[in-house]
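Just remember that this note's numbering sits 46 ahead of the position in the sequence shown, which is counted from 1.
The next block holds one structure in the form of structure tokens; read it before the comments.
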Amino acid sequence: MAKRRREHEIGDRAVKIALSRAPDHWVHQEQNRDYGVDLKFEVFRDERHSGFEFGVQVRGTEKVKKSKKGDFISCAIEVENLVDHVDKRRYPIYLFHVDVVNAKTYWTFLQEHARELSRKWRWQKEVTIRLPVSQNLDDLEDFESHFNQHLEFMKELHPSSVEAALRRARNEYSSLDNRFELNVASTGEYLRLNFTPKEPVKLALKMSQQDAETLRRFEQRENSVEFNAEVSGSKLMEEMGIGRISLRRRPDTGFSIKIVGFESRRPVASIDLTETRVSGGTTEVRIETSESHPITVNGIWKLGSSSVPTTQWNCSLAKWNSHRILDLPHFDATLAFFRKLGDCDSVQTIITKDNVQLPSIPVPVPGQLTHIGHALEMLSKSRELAYHYKLNPPLDLDCDLSDIDVLHWLTFDRKRRHTSHIFFLDDDPSLALAAVDRKSLPNKSKRFECPGLRQVFSSLTFDLFGEPIELGPITLEYRDIETRLKEDASHIAKLREDQVLLEFVGGKRMTVEGYLDNLGKQPIDS
47 MAKRRREHEI GDRAVKIALS RAPDHWVHQE QNRDYGVDLK FEVFRDERHS
97 GFEFGVQVRG TEKVKKSKKG DFISCAIEVE NLVDHVDKRR YPIYLFHVDV
147 VNAKTYWTFL QEHARELSRK WRWQKEVTIR LPVSQNLDDL EDFESHFNQH
197 LEFMKELHPS SVEAALRRAR NEYSSLDNRF ELNVASTGEY LRLNFTPKEP
247 VKLALKMSQQ DAETLRRFEQ RENSVEFNAE VSGSKLMEEM GIGRISLRRR
297 PDTGFSIKIV GFESRRPVAS IDLTETRVSG GTTEVRIETS ESHPITVNGI
347 WKLGSSSVPT TQWNCSLAKW NSHRILDLPH FDATLAFFRK LGDCDSVQTI
397 ITKDNVQLPS IPVPVPGQLT HIGHALEMLS KSRELAYHYK LNPPLDLDCD
447 LSDIDVLHWL TFDRKRRHTS HIFFLDDDPS LALAAVDRKS LPNKSKRFEC
497 PGLRQVFSSL TFDLFGEPIE LGPITLEYRD IETRLKEDAS HIAKLREDQV
547 LLEFVGGKRM TVEGYLDNLG KQPIDS
């Protein structure tokens, strides 16, 4: 703690000495001593504002560190501050190194001095600055003559226009190594530099054992890695001070994948997946299909072995969520494939490259694909409705495959409802609760298999993913429903004695016959 207080005392004394050396036409601007700038001055000329200003980072010491020849003194500053001075400050920043014992102030221009440092200075915590003994504030004329040069330097370091900055960066870096094509773009406060080799470029990497192992994994199987290394073999790379390297493979898109479904070893269904990407190294290759397709295949192929690729495929209709119903990518091919897949007992993926095929081992058809096929059929009916009514609403898949039976929601207008045998007592579209005319039931038992119930509407509102469609007259049939009768209906207002509550507890299917018959289509089984 005592050492800390001592450092603050020396720092305060150094600032006071530096201020005492400032001439009257350097007007000190009061500010917080932060971010590496302890003092800031505006320069007046002929008692007028010149518009020129400069900042000062002050370092004080009781014992000056001189070189052997005595022509330089040394001072350490934080790299974080120097980076800000070089990259962000638009005005000159000086280091004032103050000998508080002899009240002598030495100076150097930091932005220019940074160019003379080792190329690795940005990766350090501190950097040592060497200040010429000849540069001190005892000679103010010398400082001010250099100040004019430093203003010109700052114009070149931070051009006033984006075009000038891009031109300067392109010329500066392109001259270092013409084997690279340079692309420079502005990202606001910074410039983004992209270097693309025009030809194979040999570079030497010096790295730790751990980073060498990371690079080895990239050679064998990884698609992307990052590691630390010193780069040599290109003046451009050396000048940039590259220390962190990121490698990413460019995938080979010349592959295709076909999924084939078999019935008793006979191929009956197939679908081609375009935009397949293959990437990897010398021992392992990874296979990935397009993310836009609802069917995806991922696999690993270990090279140098007799084993076939290990692949897994999946279908997720969630990839169509928010797409407009008539613009679902790859819908027709996917629907046709799943219609035939229902008859298959096994599936196989076949990878093709330059007319060479590499098949995987056939595997049983996953059981959950039945739900997907059912959902695709419902979506097909939705597309027919949308096309007929000239609608194209966004698809809203807010249910998972286990709840695919409620993919479509029916909403009923209570005022225009007319029923012959059954009517609903709440608005739950899953049809969990209804009332039924006791006379329409085959018997009066508490539990039975009901062959079917029918409801007739003079009109019906169908909600097609947020777009209402008016239908009518409509007959709804509910087939093969397992039922339980509930005699206790006291909570239902004015329920007549010849009616009982009915709860649907088994699987349910619904057909909208009247409307689809007019379209010449088969009834929807949902």
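Think of the CB as a built atom: it goes at the ideal place given N, C-alpha and C, for glycine as much as any other residue.
Asked: Sequence-distant residues of its chain with Cβ nearer than 8 Å to ASP449 (five each side left out); Found: Low local confidence applies: a pLDDT of 35 at ASP449 is under 50, so the model's placement there is unreliable, with the coordinate-based value given in what follows. Result list for ASP449: empty, nothing under 8 Å.
Asked: C-beta contact flag for VAL83 and GLY97 at 7 Å; Found: no
Asked: Start and end residues, beta strand (DSSP E) containing THR151; Found: 150-155
Asked: Span separating the alpha-carbon of GLU124 from that of ALA149; Found: 24 Å
Asked: Sequence ranges, alpha helix (DSSP H) only - wholly within the stretch 125-189, length at least 4; Found: 125-133, 156-159
Asked: Segment limits, beta strand (DSSP E) that includes THR107; Found: 94-107
Asked: Alpha helix (DSSP H) segment containing SER426, residue limits; Found: 415-434
Asked: Proximity of PRO375 and SER392 at Cβ, strictly below 7 Å; Found: no
Asked: C-alpha distance - THR398 paired with LYS427, whole-angstrom precision; Found: 35 Å
Asked: Min CB distance VAL61 to chain B below 7 Å; Found: Protein chains in the displayed structure number just one, and chain B is not present.
Asked: Nonlocal neighbours in the same chain, by C-beta distance under 6 Å from HIS143, ignoring five residues either side; Found: ARG105, CYS121, TYR152, LEU177
Asked: Which listed residue (ILE56, PHE308, PRO243, ALA315) has its alpha carbon closest to that of LYS109; Found: ILE56
Asked: Cβ-based burial, LEU249 [other Cβ within 10 Å; buried from 16]; Found: exposed
Asked: Simplified DSSP assignment, three categories, for GLN358; Found: strand
Asked: Beta-carbon proximity of ILE341 to PRO439, cut-off 7 Å; Found: no
Asked: As assigned by DSSP and simplified to three states, the class of ASN194; Found: helix
Asked: C-alpha gap between ASN344 and SER338, whole angstroms; Found: 14 Å
Asked: Distance, LYS86 Cα to LEU65 Cα; Found: 10 Å
Asked: Closer than 6 Å: GLU337 CB and nearest the ligand SAH heavy atom; Found: Here there are no bound small molecules, and the ligand SAH is not part of this structure.
Asked: Nearest to LEU319 (by Cα), restricted to the options VAL306, MET253, MET200; Found: VAL306
Asked: C-beta atoms of ASP257 and ASN240 nearer than 7 Å; Found: no
Asked: PHE470 versus ASP442: straight-line alpha-carbon distance, rounded; Found: For PHE470, the pLDDT reaches just 47, beneath the cut-off of 50, and the residue's location in the model is therefore unreliable, although a value from the coordinates is still provided. Approximately 26 Å, taken between the alpha carbons.
Asked: Stretch pair the stretch 308-315 + the stretch 378-391: three plus CB contacts closer than 8 Å; Found: yes
Asked: Backbone secondary structure at ASP373 - three-state DSSP; Found: helix
Asked: Exposure label - ILE333; buried when at least 16 CB within 10 Å; Found: buried
Asked: Cβ-Cβ distance between LEU163 and ILE139 below 7 Å; Found: no
Asked: Three-state secondary structure (DSSP) of SER255; Found: Note that residue 255 corresponds to Gln in the displayed sequence, not to Ser. GLN255 falls in the helix class under three-state DSSP.
Asked: Supposed close pair PHE308, GLN403 - CB separation, criterion 8 Å; Found: Not confirmed; about 16 Å, so no contact.
Asked: DSSP-derived helix/strand/coil call for ARG262; Found: helix
Asked: Closest Cα partner of LYS115 within the set VAL179, ARG290, ARG91; Found: VAL179
Asked: Of the listed residues ASP92, LYS112, PHE118, ARG168, nearest to ASN127 (C-alpha basis); Found: ARG168
Asked: Helix, strand or coil at ASP391 according to DSSP, with G and I counted as helix; Found: coil
Asked: Minimum C-alpha distance to LYS201 - residue among ARG135, VAL147, ARG262; Found: ARG135
Asked: DSSP state of HIS74 mapped onto helix, strand, coil; Found: strand
Asked: Nearest-angstrom Cβ-Cβ length linking ILE396 and LYS304, presumed shorter than 8 Å; Found: 5 Å
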